[in-house]
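To start, the structure itself, in structure tokens.
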Amino acid sequence: MKTSLPFWLCTMSMIGISSTSSDTVVQPIVALVGDDVILPCTLRHTVSAVHQSVEWQRPDLNPKEVHLYRDEKDDLVLQNPVFRGRTSLFKEELENGNTSLKLTRVKLSDAGNYTCYIPLLDHQKTIIQLLVGAVSRPVIIIERMEGDEVVLRCEAEGCYPEPVMEWFDAQGRVLPAAGPTETSRDREGCYTVTSHVIVPNSDNNTFTCRVQQLEIKHMKERQVHVPDQMFPRTCHSCWLTVLVAVLGAVLVEAVAVAGGLLYLLIKKGILTFRKEAWTSEMNKETTKNEEDEANESQSVIGLDVKLSILIVLCVI
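Written out as structure tokens, the structure reads:
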């Protein structure tokens, strides 16, 4: 009587499985907090997995079971509570050898290495590294004026892993930040980063804040245009206007002082304009003497005026 081989042994023979185990490592899978992610796993030669046992595990946890499929149904008695209600297989794809795991509502704590293991096909174990990130688009605030420049603040909160923040001008050139980036963490381990930059008025006051998380290959940025009106007014010829105003004020004051001084000199009799009436006796003198006397009188008046002008100039 011919003895039939066990089902599992027949299956192994059909797909040519050796007894030597072989692990397959796939590229890291990146997921964001709150998203759903698929951890890929496919049997070689597209063998049906309907009658197989499929074990998804995460060795660093206790218990390590993430999702179990046995006897053609899910067996979640040993499942780690942190995954409860968040895992599932694609039942309609099991026949095609697709044993991928869908993980919903991803958390930061879900990051780690997962194994897809088929006990009866112990040669095949697929290892998937799940990277979990939390991202946020940065926000730019026009914070204050500093001299004739404007201070901008960029903030991104709820980020993981810790992002790198940079500033750029309209031409894409990196702008030096005004001090080191400020970093803090919340209870869930997400980062909030803040950076400042001081910018002058330019032809195109458009500035960009960029946040990059290289580990999860993620980048977000925000642009802001600062209106010209936000920059303090500057006037390169203002010093000339001020100088003219000051000189004008000094000149007006000097004229007022000079006028007052001249009035006092006249009032006190220090400065006089002599206009004497000649007597009839003097009229009898010769014409030559009259001219000499007139010239002498004009010379005295001229001397008094010159003296007064000299005094005014000294005051000014």
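Residue numbers (mature numbering (1 follows the signal peptide of the UniProt record, and there is no 0)): -22 to -1, 1 to 294. Beta carbons: idealized from backbone N, C-alpha and C, even for Gly.
C-alpha gap between residue i and residue j, whole angstroms
i           : j    : result
V189        : V142 : 6 Å
residue 337 : Q201 : Since the first residue of the chain shown is -22 and the last is 294, residue 337 is not available in this structure.
K253        : A236 : Summary for K253: the model assigns pLDDT 48, below 50, so the residue's position carries little reliability; its value from the coordinates is reported in the next sentence. Distance between the alpha carbons of K253 and A236 is about 25 Å.
L70         : V171 : The sequence given here has Glu at residue 70, not Leu. Spanning the two alpha carbons is a distance of roughly 45 Å.
S(-2)       : C168 : With a pLDDT of 47 at S(-2), under the threshold of 50, the modelled position of that residue is not reliable, and no figure is offered here.
E50         : K195 : 38 Å
V4          : P116 : 32 Å
L56         : T104 : 21 Å
Q191        : Q149 : 23 Å
V60         : E124 : 51 Å
I120        : R151 : 20 Å
V8          : R122 : 39 Å
A27         : R163 : 44 Å
residue 295 : E193 : Residue 295 is absent from the structure shown; the chain starts at -22 and stops at 294.
M197        : Q102 : 36 Å
Proximal residues to residue i (C-beta, below 8 Å), its chain only, five neighbours per side dropped
i   : result
Q35 : K42, E43, V44, Y92, T93 and Y95
L67 : V32, H45, Y47, D52, T77, S78, L79 and K80
R64 : L81, T82 and R83
Cβ neighbours of residue i in the same chain (closer than 6 Å, five flanking residues each side left out)
i           : result
V175        : L130, W145, L153, A155 and A156
T20         : G75 and N76
residue 348 : Because residue 348 is not part of the residues shown, which for the chain are -22 to 294, the question remains open.
G159        : It is Thr, not Gly, that sits at residue 159 in the sequence shown. Answer for T159: M143, V171 and S173, listed in chain order.
In DSSP terms, what residue i is bridged to
i    : result
G111 : L10
L17  : L79
Q191 : H196
E127 : E124
T161 : V171
H203 : T184
Closest by C-alpha distance to residue i, when choosing among the options
i    : options                   : result
N58  : F68, L67, R48 and D38     : D38
E73  : T159, Q30, T65 and R115   : Q30
N183 : L108, V4 and H203         : H203
G12  : Q107, C137 and D206       : C137
T161 : A134, V8 and L229         : A134
R165 : F61, S87 and I16          : S87
S114 : P6, A232, L10 and L229    : L10
Q107 : A232, L229 and T2         : T2
Q109 : V128, A89 and I118        : Looking at the sequence itself, residue 109 is Leu, so the reference to Gln does not match. Per the Cα distances, A89.
I118 : A112, G111, C132 and V128 : C132
D147 : R122, I16 and D181        : D181
V15  : R22, H23 and P6           : P6
Beta carbon proximity, residue i to chain D, threshold 8 Å
i    : result
T186 : Of the chains in the structure shown, none is chain D; there is only one protein chain.
Close beta carbons around residue i, own chain, < 7 Å, minus the five adjacent residues each side
i    : result
A112 : L10, V11, L86, G136, C137, Y138 and C168
V128 : I120, V177, V204, M208 and F209
Segments of 4+ residues assigned as alpha helix (DSSP H) that fall wholly inside the stretch 27 to 102: For secondary structure counted as the alpha helix (DSSP H) over 4 or more consecutive residues, the stretch 27 to 102 holds no complete run.
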